Amino acid sequence: MAVVVPREETASRQQFAGAPVDRGIERDRVFASLHERMFGSSDPVSVGRFVVLAKIGAGAMGTVFAAYDPQLDRKVALKVLGAAADTDAGERRDREARSLARLRHPNVVAVHEVGTHRGERFIAMDLVDGVTLRAWLQSPRNWRQVLDVLTEAGSALVAAHAAGIVHRDFKPDNVLVEHGHARVVDFGLSRGTAAVPTHETQQGGAAVPETTIDVVGTPAYMAPEAFTGEATEATDQYSFCATLYESLYGVRPFAGNTAIALRADALAMRLQRPTLRRRVPSWLRRAVVRGLA
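Residue numbers for the sequence shown follow numbering that gives the first Met the number 0, so the first one is 0 and each next one is one higher.
As structure tokens, then:
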């Protein structure tokens, strides 16, 4: 759920491309725009007290808008979440969002308010003028720069864990880099599941998923135990190391395309060879590999 100000073709549009859109708010914005063109004025589109300014993008967890908070006279990112699959999941998500709202840390995107609009939950948070870690890494970086940014992201994880919050989906797309500093988003909110193939068969020369399992998170960054168990602080730490490995070496640690292949490669520690010619100290490589073991 990245909260990024659109900046040319940067992270926000890449991250939310092709995902579901909140049709109600988007429809209201279109009608308001048409009314303004035809009659010269229109009522602003609001979610609670927040005035919607523009759509930033959409992701699996909902739609993100840039909005204005007239009460505190500031711009915010407004994430409108889809309805939870069940009541318990919705209440759990609300509790975690409110816990995050109490967490104040320089490397965590702050949550300001959690509410409901037309039966759908929304979260108001900092509007970050930055790009995702993945986009930031497209420019040349040395290992010290990479480590500095991810050390800040790691401190955000530590603070969240101390508050009882597990991220569940730590990856390069959930770390924003703003003026050289890391901000982590989407703590505890990744409750949606995705179907991941357990193994594949060959049909006509192409690999075809044979069976699937539902997982919470992004398989390439998940600890082997997370495929069949609950996310924990330890699985967050694994995801952090997988992200650090990819950031240092230009390739994710394990190459598998299915749950079975990913787990097998991870358990056997069959690491992919680096694709970047970046000098990485041996002590740093040992630390990252130990975190993936």
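Note that beta-carbon positions come from the ideal geometry of N, C-alpha and C, so glycine has one too.
All figures in this text were calculated on a predicted structure; none of them were measured in a lab.
In terms of DSSP beta bridges, what is residue i paired with?
| i | result |
| --- | --- |
| ARG140 | Beta-bridge pairing links ARG140 to no other residue. |
| GLY114 | PHE121 |
| ASP147 | DSSP, once it has assigned bridges, lists no residue as partnering ASP147. |
| GLU177 | HIS180 |
| ALA344 | In the structure as shown, the chain starts at 0 and stops at 292, and residue 344 therefore has no counterpart that could be examined. |
| SER45 | VAL50 |
| GLY163 | Paired residues: none, contrary to the question. |
| VAL108 | Paired residue(s): none; VAL108 is not in a bridge. |
| GLY56 | VAL63 |
Around the C-beta of residue i, are 16 or more other C-beta atoms found within 10 angstroms, so that it is buried, or is it exposed?
| i | result |
| --- | --- |
| THR150 | exposed |
| MET268 | exposed |
| LEU322 | Lying before the first or after the last residue shown, residue 322 is absent from the chain, which here runs from 0 to 292. |
| LEU266 | exposed |
| ASP128 | exposed |
| SER246 | buried |
| GLU112 | buried |
| LYS53 | Going by the sequence as given, residue 53 is Ala instead of Lys. Under this definition ALA53 is an exposed residue. |
| THR234 | buried |
| PRO139 | exposed |
| ARG285 | exposed |
| THR115 | exposed |
| GLY153 | buried |
| PRO105 | exposed |
| ALA161 | exposed |
| PRO218 | buried |
| VAL195 | Legend: pLDDT at VAL195 = 46, less than 50; position of this residue unreliable, no value from coordinates given. |
| GLY118 | exposed |
| PRO69 | exposed |
| TRP282 | exposed |
| ARG319 | Within the shown structure, residues of the chain are numbered from 0 to 292, placing residue 319 beyond reach of any answer. |
| PRO280 | exposed |
| GLY179 | exposed |
| GLY216 | buried |
| GLY56 | buried |
| GLY163 | exposed |
| ARG272 | exposed |
Residue range of the alpha helix (DSSP H) that residue i falls in?
| i | result |
| --- | --- |
| ALA66 | Per DSSP, ALA66 belongs to no alpha helix (DSSP H); it is in the beta strand (DSSP E), 61-68. |
| ARG284 | 281-291 |
| LEU132 | 132-135 |
Segments of 4+ residues assigned as alpha helix (DSSP H) that fall wholly inside the region 214-261: The DSSP assignment places complete alpha helix (DSSP H) segments of no fewer than 4 residues inside the region 214-261 at 232-248, in order along the chain.
Tell me whether the region 271-279 and the region 153-170 touch, counting them as touching only if at least three CB pairs, one residue from each stretch, are closer than 8 angstroms. no
Given 8 angstroms, three or more beta-carbon pairs between the region 168-184 and the region 125-140: yes
Check whether the region 129-142 touches the region 92-107, counting contact only when three or more Cβ pairs, one atom from each stretch, lie closer than 8 angstroms. no
Assess, as a yes-or-no matter, whether the region 284-291 is touched by the region 229-241 under the definition of 3 or more beta carbon pairs within less than 8 angstroms. yes
Is it true that the region 142-149 meets the region 216-226, where meeting means three or more beta-carbon pairs spaced less than 8 angstroms apart? no
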